[in-house]
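Student: In full-length UniProt numbering, the protein residues as written are 1 to 1144. Positions of the beta carbon are idealized from the N, C-alpha and C atoms, including for glycine. I am attaching a structure below and will ask some questions about it afterwards.
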């Protein structure tokens, strides 16, 4: 007789969190304690129940069922301790319900799971609620749950940033299904609930039927051992054991039904509601539940039975506001969810959200990296010592080579080294930041502007300069990475080649060829891509570390590690065949190949299967998708993959359930020979031009009015400000929208297949899914979006259209704002896109005070910023006539004019600011901080309009005086505010602007008072920025002082401009907007002094820096090129080139 070896389980944390990897494989549920053989009671006498060896090959179908010859009894449980391992449980054959539940007790821990409420939860979290019951007799209860209770609970959850997913696997499970597959689906879904919520939210409905009771031959020994199956229990009872009893689950609710009038049910229907032969078994179940759980978790409810003339049975008392059943379920889970997941309603820090998401990705990828020790050491050496040429380090390899895992491991190691004080930067500095960014790992991580915003804020948190556009972000990033005064930082950027394609050309504009001595940058990219070629061309000769093929030993270790987790291994000859394949040198290929072999069901032909595996990664992934279609019915799997592929940043599980639940979203119609370009063209708004702008504005005015008429009809009976009036009936709960979700069993099959290819994405815990690796996206495109161009376009239009239609109707405005504009842009459906951007809820989510990246991009796509200005001004006019409180209205006005400033619509912004000013003066109490901000923005807008003129003319005197007046008023109001560093800083910024325009007035009019005040004002700003040690603004002050009066002696102005350039180079580096301004003004100064050689050098530098900072075509670059094109400077340039050629 073989010994029974108990499984060991990862130790439970204090909060009840478990090893999620174990759970996903059907391991013991959260809370199961380790089974230690030393503590077991004497083994029972069991014949032919041998220890299960490590399985040879992959054939699960050949596993032998458990063979029990002797019937044995488990010892009586005397204490609150686990006495039986799962293997020992499987070896027993109880003969009565008492014995069955005694075995459950001995293999369970009666201590309640220790749950700790989530702290500081600001983002979205997924909640899973598992429904357990027999099928026939609880059809009506489940109808009420699906159509009434869960929609209401979901609505309540969404108001608290929780996404509810109900798991009712009885939907769609055939009544005659007795397969191991069904058992595995049920219990693995419970495992998912455990992973997401530690103690699953569990609902059991108990009646008078037992349901399906599997026999030993219905499932394999492996599956029985994984879950500690107790022979004789039904599937429903084992769900209770696994989800609620093995460790006492405080989130479990048991509803025991009493049917009034059951005697009236005809005999031929009675078996649907009771099974007399299992009466004792069911009584024991209910008794066990009542004894095990407190009264708060076990409730009885009553229904009345009514026999209808059509032969159906109606249970009354389940629906409506007075329903005891509905109220118990809703109230119990509302209370439990609220207790565990309270929402911290303080403002979320977007930077922290991004940081947390990248940290989660780092943790998931850095745990196990095999066969890459040499490369890891090379990266560590660079991190420790840098490079002699101060160049970046580049990790290069093919897709799937394991670069992300390498980068994650290296970033994790760098963090450890910094924490231990093992890294020494120049000046013997030990303190150092570690920044890591995994492109494609989170929503917006591929967007260059979003990445640079995060990089700048992480590297220099005290940076006060406004990040108003992409050019400024690029310039500031470049200077931070190049500047010697930047505090020590180590930067890891993984998959740089996956940045948005239209921004790849900016790589050498934000990444310097020569880094600051305090900066070390490690990048990874696919070989031979644009990013690889760009960095390879750096004159600083970046170090390249090749992430090449794995050696044979590492490949074998990976295979053994993966298969061991499933209690499997390959024969030596099978291992050789696998490792001899070309694709096996790629870690991702090897991982997918092991997954394919693991699920293959014919051991006899396993070697043939290995031979058949495609050698290249994309083809293998296509094979995987083909198998998924075959196993899950095809269309649903195809639709799921296509939706993930065309989504912007992945999809929530709840979104996929809703999308796949509608048949029209799943089946793509055949392509018809029609002009799809013409069809789509009907929805486009003309691009803004001088000729059609007025017509466009008139059409948009009509569009705005139509939209608001439609919206108002929806909101009849609304309260003040468009808010719905609160119901006066206290006992009524808000009604949620009923959604036709995909049956849970169908989704379980899809998810279980796709899970190895998916990764969580986005806010921690929000339940968003996306492809694990971008090569999967390529495989999806090759399989589902290939063929002639018109066929591909038809497919993309269909799937983008499905998602656009879905997101247009969702109540989750965060997701609507994130996804809908993207799909409408791809459909070229500009009318719907404009309607979307007109929605204030969408506007508020796309708007950013610093730089509204997505909002600007969307308007650029659907008509331009002039169109945006016309739309929002018309909307504001309508909004002003509504009953919205003025204090809320002016906040919207402020956001709109800030956006218009970002879009360069300065005159339109000024008009809104004047209206805002009047409202503040007449109705809002003339608050000093608000008045100061408005006047400062007005001065800024007027100044930008003034600077757009190439030459200063007398016609600009009025505008310059107005700008100065705005600045004076701003300063007057700021003087009324409490003294603070921030207020002092803002005043100094205003003084720079004021001094510049005072000098313009002096130049145009000769007024000495204006000139003297300009000097006084700029000196006050210099004092403040010197005190604050703000070197960047100090450089701007010095430059402004140097150009206030061109009649000042050259010896006065030249030192100021040279000093300003020196300070600017230290603060920002060469590639910065301020550098271009200083070079231009310095060149003009030398030109006026007659020193054309020095003017030429400044103008030449100006052209070079403008090209680097702004690129070709930018107005500043055009002006620089025009300046250096003067014949005098062209002659100097030719002479310089001849001299260089002669030297050469």
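Counting along the chain, where does the beta strand (DSSP E) carrying residue 505 start and finish?
Tutor: Segment: none, residue 505 is in no beta strand (DSSP E) and carries neither H nor E.
Student: Going by DSSP in three states, residue 309 sits in which element: helix, strand or coil?
Tutor: Coil.
Student: Output the distance between the C-alpha atoms of residue 535 and residue 542, rounded to the nearest integer angstrom.
Tutor: Rounded to whole angstroms, residue 535 to residue 542 spans 7 Å at the Cα level.
Student: If you draw a straight line from the C-alpha of residue 68 to the C-alpha of residue 400, how long is it?
Tutor: Unreliable placement is indicated for residue 68, whose pLDDT of 35 sits below 50; the coordinate value is still reported in the next sentence. Roughly 47 Å separates the two Cα atoms.
Student: Let's see if you can read the secondary structure: which residues bound the alpha helix (DSSP H) around residue 535?
Tutor: From DSSP, the alpha helix (DSSP H) with residue 535 extends over 530-536.
Student: Would you call residue 224 buried or exposed, if buried means 16 or more other Cβ atoms sit within 10 Å of its Cβ?
Tutor: So residue 224 counts as buried.
Student: What residue does the beta strand (DSSP E) around residue 260 start on, and which one ends it?
Tutor: Run containing residue 260: 252-260, per the beta strand (DSSP E) assignment.
Student: Using beta-carbon positions only, say whether residue 771 and residue 758 come within less than 9 Å of one another.
Tutor: Yes; because the gap between Cβ atoms is below 9 Å, this pair is in contact.
Student: In whole angstroms, what is the alpha-carbon distance linking residue 829 and residue 821?
Tutor: Going from the Cα of residue 829 to the Cα of residue 821 covers about 10 Å.
Student: Starting from residue 206, follow its DSSP beta bridges and name the residues at the other end.
Tutor: According to DSSP, which records beta bridges pairwise, residue 206 is partnered with 256.
Student: Checking 9 Å against the spacing of the C-beta atoms, do residue 118 and residue 200 come in under that value?
Tutor: Against a cut-off of 9 Å, the Cβ pair of residue 200 and residue 118 comes out as no contact.
Student: What first and last residue would you give for the alpha helix (DSSP H) that runs through residue 1119?
Tutor: 1115-1124 is the span of the alpha helix (DSSP H), which, as asked, contains residue 1119.
Student: Taking contact to mean 3 or more Cβ pairs, one atom from each stretch, closer than 8 Å, check whether the segment 574-587 and the segment 418-425 are in contact.
Tutor: The segment 574-587, when compared against the segment 418-425, does not touch it at the 8 Å Cβ threshold.
Student: By the 10 Å Cβ neighbour count, where 16 or more other Cβ atoms means buried, how is residue 887 classified, buried or exposed?
Tutor: With fewer than 16 other Cβ atoms within 10 Å, it is exposed.
Student: Would you call the CB atoms of residue 131 and residue 325 closer than 9 Å?
Tutor: It is not a contact, given that the beta carbons lie outside the stated cut-off.
Student: Take residue 926 and list the residues in its own chain whose beta-carbon comes closer than 8 Å to its own, dropping the five residues that flank it on each side.
Tutor: Only 920 meet the Cβ criterion.
Student: Distance check for residue 754 and residue 460, CA to CA, integer angstroms please.
Tutor: Looking at the two C-alpha atoms, the distance is approximately 41 Å.
Student: Tell me which residue opens and which closes the alpha helix (DSSP H) that residue 1106 is part of.
Tutor: Looking at the DSSP string, the run of the alpha helix (DSSP H) that includes residue 1106 is 1092-1109.
Student: Just mark residue 208 as buried or exposed, buried being the case when its beta carbon has 16 or more other beta carbons within 10 Å.
Tutor: Looking at its Cβ environment, which holds 16 or more other Cβ atoms inside 10 Å, residue 208 is buried.
Student: Would residue 453 be called buried (16 or more neighbouring beta carbons within 10 Å of its own) or exposed?
Tutor: Burial call: buried.
Student: Using the three-state DSSP reduction, which class does residue 1008 fall into: helix, strand or coil?
Tutor: In this structure, residue 1008 counts as helix in the three-state DSSP scheme.
Student: For residue 544, list the residues DSSP reports as bridge partners.
Tutor: Residue 544 is bridged to 394.
Student: Please report the distance separating the alpha-carbon of residue 1074 from that of residue 974.
Tutor: Their Cα atoms are separated by approximately 26 Å.
Student: So residue 376 packs on residue 410, CB below 8 Å; how close in whole Å?
Tutor: With a Cβ gap of about 6 Å, residue 376 and residue 410 count as contacting.
Student: Using three-state DSSP, classify residue 1146 as helix, strand or coil.
Tutor: Beyond the ends of the chain as shown, which are 1 and 1144, falls residue 1146; an answer cannot be given.
Student: How about residue 645 and residue 620: are their beta carbons less than 9 Å apart?
Tutor: Taking 9 Å as the Cβ cut-off, residue 645 and residue 620 do not qualify as a contacting pair.
Student: What residues are listed by DSSP as bridge partners for residue 125?
Tutor: Residue 125 pairs with 162.
Student: Considering only the alpha carbon of each residue, which of 293, 341 and 441 lies closest to residue 353?
Tutor: Answer by Cα proximity: 441.
Student: Return the Cβ separation of residue 285 and residue 227 in integer angstroms, given the expectation that the two are a contact with Cβ distance under 8 Å.
Tutor: Contact flag wrong, Cβ pair sits at about 18 Å.
Student: What does a CB cutoff of less than 6 Å around residue 1059 pick up in its chain, not counting 5 residues either side in sequence?
Tutor: 1038, listed in sequence order.
Student: My guess is that residue 977 and residue 1055 are in contact by the Cβ rule of under 8 Å, so how many angstroms apart are they, rounded?
Tutor: Contact doesn't hold; Cβ gap of about 36 Å is too wide.
Student: Starting from residue 437, follow the beta strand (DSSP E) in both directions and report where the run begins and ends.
Tutor: That run of the beta strand (DSSP E) goes 433-438.
Student: Which residues in the same chain have their Cβ closer than 6 Å to the Cβ of residue 628, if we skip the five residues on either side of it in sequence?
Tutor: Result list for residue 628: 637 and 753, in chain order.
Student: Quick check: what's the CA-CA separation for residue 990 versus residue 937?
Tutor: If I take the Cα positions, the gap works out to 10 Å.
Student: If I measure Cβ to Cβ from residue 803 and keep anything under 6 Å in the same chain, skipping five residues before and after, which residues do I get?
Tutor: Contacts found: 823.
Student: From this set, 916, 293 and 1130, which residue's C-alpha is nearest residue 246's C-alpha?
Tutor: For the residues 916, 293 and 1130, the minimum Cα distance to residue 246 belongs to 293.
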